[in-house]
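J.: Please see the structure below; I have some questions.
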Amino acid sequence: MTKHIHQNASLKAYNTFGVDASCNKLIHIYSENELPNIYEQGYFDQNTFILGGGSNVLFTKDYPGTILKVDNKGISHFIEGNYIYITAKAGEIWNDFVWYCIDRGFGGVENMALIPGTVGASPIQNIGAYGTELMDVFYSCQAFDTHTGSFTSFSKDDCKFTYRDSIFKTEYKGRYVITAVTYKLSLQHKINTSYGAINTELSRKGINNPTIKEVAEAVSTIRVEKLPDPSTIGNAGSFFKNPIIATDFLQSLKEKFPDIIYYIVDDRKVKLAAGWLIEQCGWKGKRDGNAAVWKNQALVLTNTGEASGTEIYNLSSKIMNDVYQKFNVKLEREVNVL
Ligand code: FAD
Ligand code: EPU
Numbered sequence: 323m324t325k326h327i328h329q330n331a332s333l334k335a336y337n338t339f340g341v342d343a344s345c346n347k348l349i350h351i352y353s354e355n356e357l358p359n360i361y362e363q364g365y366f367d368q369n370t371f372i373l374g375g376g377s378n379v380l381f382t383k384d385y386p387g388t389i390l391k392v393d394n395k396g397i398s399h400f401i402e403g404n405y406i407y408i409t410a411k412a413g414e415i416w417n418d419f420v421w422y423c424i425d426r427g428f429g430g431v432e433n434m435a436l437i438p439g440t441v442g443a444s445p446i447q448n449i450g451a452y453g454t455e456l457m458d459v460f461y462s463c464q465a466f467d468t469h470t471g472s473f474t475s476f477s478k479d480d481c482k483f484t485y486r487d488s489i490f491k492t493e494y495k496g497r498y499v500i501t502a503v504t505y506k507l508s509l510q511h512k513i514n515t516s517y518g519a520i521n522t523e524l525s526r527k528g529i530n531n532p533t534i535k536e537v538a539e540a541v542s543t544i545r546v547e548k549l550p551d552p553s554t555i556g557n558a559g560s561f562f563k564n565p566i567i568a569t570d571f572l573q574s575l576k577e578k579f580p581d582i583i584y585y586i587v588d589d590r591k592v593k594l595a596a597g598w599l600i601e602q603c604g605w606k607g608k609r610d611g612n613a614a615v616w617k618n619q620a621l622v623l624t625n626t627g628e629a630s631g632t633e634i635y636n637l638s639s640k641i642m643n644d645v646y647q648k649f650n651v652k653l654e655r656e657v658n659v660l
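The structure is reproduced here in structure tokens:
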């Protein structure tokens with residue numbers, strides 16, 4: 323019997339919404355080598371959920387099965403030619419990994435500083451921020467197959483990364499425990515400050531030729547200003563994805579809403595800023611019972627203190643309905659609803 327099993331455990335401390343839910347069993351793993359034993363004891367079934375930092379989940383009820391909390395740690399790297407290969411265990415905090423790179427002068431992940439959560443979750447929704455996505459630096463990941471009880475690995479192509487999506491959210495949903503991720507960074511990295519407010523923030527500080535550390539600090543400052551800190555205000559970052567629509571449809575929307583904010587994806591598709599759509603529906607800063615829409619960023623839903631997961635979920639449904647009525651655009655939840 324493995325040591326780290328808790329029956330009827332509270333999940334309040336394990337989800338950044340701070341929702342008070344519980345689960346039948348909570349198993350912490352501190353080494354990937356514990357997984358075969360857990361498999362042999364029959365803990366993996368369709369009711370097992372793999373949890374990292376809980377910063378992209380919403381529990382709408384007590385979880386009826388086992389939660390496997392991944393807490394294995396360790397980071398190492400080697401340099402070959404022009405590249406640095408860094409392997410981080412899944413339980414490492416993402417931002418600690420980012421600073422492991424920055425402290426050694428390795429560029430490539432600085433624009434993703436301060437994204438909450440763990441390394442193991444980073445490929446799941448292909449995390450991204452400020453002009454960089456995980457897929458830009460991902461090399462491979464190691465994983466445990468909960469269906470067969472064996473270890474395997476995935477290359478970048480295997481993962482089928484797209485915007486906020488990967489094979490781990492679709493055909494392999496819930497099947498693999500990611501145990502470590504290997505990132506490939508270039509020794510000839512070029513700093514990218516083109517997104518949003520980064521340049522403004524750097525100019526404010528009088529910085530013209532930023533180092534990777536200065537970019538990470540600028541991104542961190544912007545994030546702290548815009549996003550609520552989950553340690554004081556429960557939230558899971560963007561609750562919805564930015565919707566991708568056909569360019570033709572955008573033209574008709576622009577006739578009615580000339581200020582609509584969008585980004586070109588390719589010659590047939592554009593990505594709309596969902597925060598703008600939600601704000602236009604009057605939701606920004608609004609409260610609905612114990613759930614609310616963040617005052618500085620309408621894509622973020624918050625727990626005002628005692629919200630249940632259902633209250634937050636119901637607020638998200640109202641927003642989706644209003645956006646659909648006004649713009650004929652369907653929002654999709656980014657957060658994993660359980
Ligand atoms: P969890 O919430 O624990 O899990 C998320 C999903 O990953 C679940 O499906 C879970 O089953 C799966 N999972 C977790 N660990 C593993 C593992 N080891 N093996 C297999 N599956 C696993 N995201 C962005 O992309 N960009 C942002 O800028 C951003 N900003 C945020 C800001 C705030 C304030 C918050 C609270 C969240 C933000 N997020 C952002 C969302 C979140 O940080 C990411 O989705 C993050 O990757 C979630 O990591 P986690 O460890 O908390 O995962
Ligand atoms: N906007 C509004 N009103 C709002 C919010 C945003 O008009 O209330 C406008 C902004 O003015 C800006 C545009 O929408 O012109 C985009 O806003 P922002 O730069 O804040 O980014 P976002 O599209 O809202 C995405 C990610 C974030 C990521 C940032 C920065 C998604 C779903 N969200 O947000 O990721 O940090 O870009 O790169 O793609 C997350 O996934 O949890 C997350 C926080």
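Residue numbers (our numbering): 323 to 660. Built from N, CA and C at the ideal position, the CB exists for glycine as well. If you're wondering where the values come from, they're calculated on a predicted model, not measured in any experiment.
Beta-carbon separation of GLY631 and THR382 under 9 Å?
T.: yes
J.: Do HIS511 and GLY442 have their beta-carbon atoms positioned less than 9 Å apart in this structure?
T.: No. Outside cutoff.
J.: Helix, strand or coil for MET323? Go by DSSP, reduced to three states.
T.: Reliability of the predicted coordinates at MET323 is poor, the pLDDT of 48 falling under 50, and the value obtained from them is presented with this limitation in mind. Look at MET323 here: in three-state DSSP terms it is coil, with no helix or strand label.
J.: May I have a chain-ordered list of the alpha helix (DSSP H) segments no shorter than 4 residues that lie completely inside the stretch 486–531?
T.: 520–526
J.: Taking the C-alpha atoms as reference points, what is the distance between MET323 and LEU623?
T.: For MET323, the predicted model reports a pLDDT of 48, less than 50, meaning its position is unreliable and no value from the coordinates is stated.
J.: Less than 9 Å between the C-beta atoms of GLY604 and GLU633, yes or no?
T.: In this structure, GLY604 keeps its C-beta atom at 9 Å or more from the C-beta atom of GLU633.
J.: Examine the Cβ distances between the stretch 346–366 and the stretch 382–395 and report whether three or more of them are shorter than 8 Å.
T.: yes
J.: So for GLN647, helix, strand or coil by DSSP?
T.: helix
J.: Please name the residue in TYR646, PHE561, ILE437 and GLY627 whose C-alpha comes closest to that of VAL341.
T.: Restricting attention to TYR646, PHE561, ILE437 and GLY627, the CA atom closest to the CA of VAL341 is found in GLY627.
J.: Only counting the same chain, and skipping five residues up and downstream in sequence, which positions put a Cβ closer than 6 Å to that of SER475?
T.: SER462 and GLN464
J.: Confirm the yes/no value for this check: CB of GLY430, any heavy atom of the ligand FAD, distance under 8 Å.
T.: no
J.: With a threshold of 8 Å, are at least 3 pairs of Cβ atoms found where one atom belongs to the stretch 362–380 and the other to the stretch 443–456?
T.: Short answer: they touch.
J.: With distances taken from CA atoms, which of ASN514, THR543 and THR501 is nearest LYS527?
T.: THR543
J.: Excluding sequence positions up to five away, which residues of its chain have a Cβ less than 7 Å from the Cβ of TYR646?
T.: LYS652
J.: I need the straight-line Cα distance from GLY331 to LEU373, nearest angstrom please.
T.: Before going further, note that residue 331 is Ala rather than Gly in the sequence given. The straight-line gap from Cα to Cα measures roughly 14 Å.
J.: DSSP three-state label for VAL615, please.
T.: Looking at VAL615 - three-state DSSP - the assignment turns out to be strand.
J.: Is the CB-CB distance between GLN619 and LYS506 below 9 Å?
T.: no
J.: Just how far apart, CA to CA, sit SER394 and ASN359?
T.: In the sequence on display, residue 394 carries Asn and not Ser. C-alpha of ASN394 to C-alpha of ASN359: approximately 15 Å in a straight line.
J.: By DSSP, does GLU455 sit in helix, in strand, or in coil?
T.: strand
J.: So, does the stretch 402–409 touch the stretch 417–429, judging by three or more C-beta pairs under 8 Å?
T.: yes
J.: Sort out for me which residues DSSP pairs ASN557 with in a bridge.
T.: THR624
J.: Name the DSSP beta bridge partners of GLN464, please?
T.: SER475 and ALA502
J.: To which residues does DSSP link ILE401 through a beta bridge?
T.: Per DSSP, ILE406.
J.: What residues in its chain sit with their C-beta under 7 Å from that of SER516, if we drop five residues either side in the sequence?
T.: GLY453.
J.: Find the nearest neighbour of LEU599 within the set THR470, GLU577, LYS648 and VAL587, judged by alpha-carbon distance.
T.: LYS648
J.: Could you give the first and the last residue of the continuous beta strand (DSSP E) run that contains PHE371?
T.: 370–373
J.: Taking 9 Å as the threshold (C-beta atoms), are TYR485 and ILE567 in contact?
T.: Contact annotation: ILE567 and TYR485 have beta-carbon atoms that are not nearer than 9 Å.
J.: Regarding GLN363 and the ligand EPU, is the C-beta to nearest heavy atom distance less than 8 Å?
T.: no
J.: Can you tell me whether SER525 is buried or exposed? The criterion is at least 16 other CB atoms within 10 Å of its CB, across all chains shown.
T.: Taking all protein chains in view, the Cβ of SER525 is surrounded by fewer than 16 other Cβ atoms within 10 Å, so the residue is classified as exposed.
J.: If you run the structure through DSSP and keep just helix, strand and coil, what is LYS591?
T.: strand
J.: Around the C-beta of THR501, are 16 or more other C-beta atoms found within 10 angstroms, so that it is buried, or is it exposed?
T.: Burial state of THR501 is buried, judged by a 10 Å Cβ sphere holding 16 or more other Cβ atoms.
J.: Name, in chain order, the residues that DSSP records as bridge partners for TYR584.
T.: LEU594
J.: What is the DSSP secondary structure of SER639, counted as helix, strand or coil?
T.: helix
J.: May I have the straight-line CA-CA distance separating PRO580 from SER472, to the nearest angstrom?
T.: The straight-line gap from Cα to Cα measures roughly 54 Å.
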